[in-house]
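Visitor: My questions all concern the structure below.
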Amino acid sequence: MACPVQKIDKYLYAMRLSDEILIDILTRFKKEMKNGLSRDYNPTASVKMLPTFVRSIPDGSEKGDFIALDLGGSSFRILRVQVNHEKSQNVSMESEVYDTPENIVHGSGSQLFDHVAECLGDFMEKRKIKDKKLPVGFTFSFPCRQSKIDEAVLITWTKRFKASGVEGADVVKLLNKAIKKRGD
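Just so we're aligned: 220 in the working numbering is position 73 of the sequence shown, and the numbers increase by one with no gaps anywhere.
So this is what it looks like as structure tokens:
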């Protein structure tokens with residue numbers, strides 16, 4: 148009888164890729180990246196290479212509280228990041244994951260962004276930071292056309308998302324509208 152390690156090795160061996168196959172994958176991936184980067188946006192490219200207008204990355208001088216929103220998979224995640232420089236740079240994070248139910252994912256855009264705003268309100272209330280105005284970063288993991296850093300027009304839904312009225316709309320405006328509608 149084979150030991151568990153041998154059984155695992157047997158299954159893993161079947162998933163190995165030859166150098167030939169890896170080179171083929173690399174070639175196809177590079178071609179799709181080139182299509183995505185082409186001057187005239189190529190709508191058939193499977194890898195969307197769109198500008199983000201992010202001009203710099205953190206340099207270590209940042210401090211304060213920040214909120215990060217991450218929408219794009221089976222759930223919606225909110226993080227609070229606290230950065231201080233008392234003795235040395237210290238970063239602490241706390242996060243919470245919220246479900247994005249099918250009726251929300253396949254409902255209207257208003258329902259989706261109202262859900263995001265509701266989750267954000269819940270997150271901030273639990274941490275007693277509801278009255279603070281904190282900078283927010285929004286990771287929206289879908290192809291968007293941007294003309295500036297705080298504007299993102301959804302090109303098309305991917306994954307399991309199909310909320311109506313969002314394709315062709317600015318998701319930053321939709322998020323801000325939903326947050327303002329809550330009034331808190």
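Where is the CB? At the ideal position from N, CA and C, for every residue including glycine.
The model shown is predicted, which means the values in this text are computed figures rather than measured ones.
(1) Please go through the same chain and pick out, in chain order, the residues whose beta-carbon is closer than 6 Å to the beta-carbon of I251, but skip the five residues on each side of it.
(2) Should F270 be labelled buried (16 or more other beta-carbon atoms within 10 Å of its own) or exposed?
(3) Taking the Cβ atom as the reference point for each residue, do V318 and A299 lie within a distance shorter than 8 Å?
(4) Please specify which runs of the beta strand (DSSP E), each continuous and at least 3 residues long, are wholly inside the segment 278-319, giving them in chain order.
(5) Considering only C-alpha positions, which residue in the set F308, K210, I204, E241 is nearest to P290?
(6) To the nearest angstrom, report how far apart W304 and F287 are at their CA atoms.
(7) How is G183 classed by DSSP in three states: helix, strand or coil?
(8) Could you check if D331 belongs to the surroundings of the ligand MN, using beta carbon to heavy atom distance under 7 Å?
(9) Only counting the same chain, and skipping five residues up and downstream in sequence, which positions put a Cβ closer than 7 Å to that of G183?
(10) Verify whether the separation of the beta carbon atoms of A310 and S255 is less than 8 Å.
(11) Rounded to a whole number of angstroms, what is the C-alpha to C-alpha distance between R329 and F200?
(12) Taking all protein chains shown into account, decide if C266 is buried (16 or more other Cβ within 10 angstroms of its Cβ) or exposed.
Guide: Looking at the atomic coordinates:
(1) Within the sequence shown, the letter at position 104 stands for residue 251. If we look at I251 and ignore the five residues flanking it on each side, its Cβ neighbours are Q258, L259, H262.
(2) Counting from one through the sequence shown, the residue named residue 270 turns up at place 123. It counts as buried.
(3) Translated into positions along the sequence shown, residue 318 becomes position 171. Translated into positions along the sequence shown, residue 299 becomes position 152. Less than 8 Å separates the beta-carbon of V318 from that of A299.
(4) Counting only runs of 3+ residues, the beta strand (DSSP E) found wholly inside the segment 278-319 occupies 283-287, 291-295, 298-301, in chain order.
(5) Here the question's residue 290 lines up with position 143 in the sequence shown. The option with the nearest alpha carbon to P290 is F308.
(6) Within the sequence shown, residue 304 is the residue found at index 157, counting from 1. Within the sequence shown, residue 287 is the residue found at index 140, counting from 1. Taken atom to atom, the span from the alpha-carbon of W304 to that of F287 is near 11 Å.
(7) Here residue 183 corresponds to residue number 36 of the sequence shown, with the count starting at 1. Helix, per DSSP.
(8) You won't find the ligand MN in this model; it holds no ligand whatsoever.
(9) Along the sequence shown, one-based indexing puts residue 183 at 36. N189, A192, V194, K195, M196.
(10) As a first step, residue 310 must be located in the sequence shown, where it is residue number 163. As a first step, residue 255 must be located in the sequence shown, where it is residue number 108. Yes, the Cβ-Cβ distance between A310 and S255 is below 8 Å.
(11) Taking the first residue of the sequence shown as position 1, residue 329 is located at position 182. Taking the first residue of the sequence shown as position 1, residue 200 is located at position 53. Distance between the alpha carbons of R329 and F200: 29 Å.
(12) Within the sequence shown, the letter at position 119 stands for residue 266. Counting the other CB atoms within 10 Å of its CB gives C266 a total of 16 or more, which places it among the buried residues.
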